[in-house]
Amino acid sequence: TTSTPPSTMAPIERITLFKVPKEEDRQRILEQYKVLAKTATKVSQTLTHSPPPLHLHLHVNINLTEHLQDGKPYILSAAAGRSFDDPRNKGYNISVKTTFASLEDMNYYDTECEAHKALKAVAGPVKEDVLTTYFESIL
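Here the sequence shown is numbered in the working numbering, starting from 9 and rising by one per residue.
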């Protein structure tokens with residue numbers, strides 16, 4: 009007999025739309041997405057525990073830096089660009105699609121990813137609005 013593999017959740021598809029009034033700000037956000045695509049890595053959960061005693065702090069920072077460089081990319085795919093001028097987009101002028109292997113990975117992106125925090129620091133002050141939705145594809 010053959011056994012069937014256990015069913016797994018399909019990847020999580022996430023759509024994010026931005027309304028950014030100024031062209032120069034749109035350009036900065038898109039440039040930051042390029043940085044994010046190259047630098048978003050997932051750090052081992054063992055590094056999220058309480059910090060060690062102060063006398064060990066320097067040593068731990070060195071090891072943390074080395075571990076971050078060994079982090080694995082966790083975003084399966086990403087696409088970002090200016091939205092085409094069309095009345096159906098209701099003023100949203102940057103479109104982004106990211107694909108994650110799991111909800112856990114997407115939640116990590118939202119709460120812990122340093123590359124995403126850097127993106128939010130650029131986009132946050134200049135966006136007029138943002139819309140995010142995510143789903144598991146049926147196709």
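By construction, the Cβ of each residue, glycine as well, lies at the ideal position given by its N, Cα and C atoms.
*Backbone CA spacing between arginine 34 and alanine 18 [nearest angstrom]*: 31 Å
*asked:* Taking the alpha-carbon of valine 104 as reference, which of Tyr117, Lys128, Asp118 and Thr140 has the nearest alpha-carbon?
replied: Residue Thr140 is the option with its Cα nearest to valine 104.
_Range of the contiguous alpha helix (DSSP H) that encloses leucine 38_ = 31 to 47
*By Cβ distance below 6 Å, which residues in the same chain neighbour glutamate 21 in space, the five residues on each side in sequence not counted?*
Thr107, Phe143 and Ser145
*asked:* Measuring alpha carbon to alpha carbon, tell me which residue in Gly79, Ala88 and Thr49 is nearest tyrosine 41.
replied: Ala88
*Does the Cβ of alanine 48 have 16 or more other Cβ atoms within 10 Å, making it buried, or fewer, making it exposed?*
buried
*Cβ neighbour criterion (16 or more within 10 Å) applied to valine 28*: buried
*Using only alpha-carbon positions, find the residue among Arg96, Leu111 and Val51 that is nearest to cysteine 121.*
Val51
*Run through DSSP, which three-state label would lysine 128 get?*
helix
*asked:* For arginine 36, tell me which candidate among Val130, Ala45, Leu111 and Asn101 has the shortest Cα-Cα distance.
replied: Val130
*DSSP puts aspartate 137 in a beta bridge; with which residues?*
Lys27
*With a 10 Å radius around its C-beta and 16 neighbouring C-beta atoms as the bar for buried, classify phenylalanine 26 as buried or exposed.*
buried
*glutamate 122, DSSP secondary structure in three states*: helix
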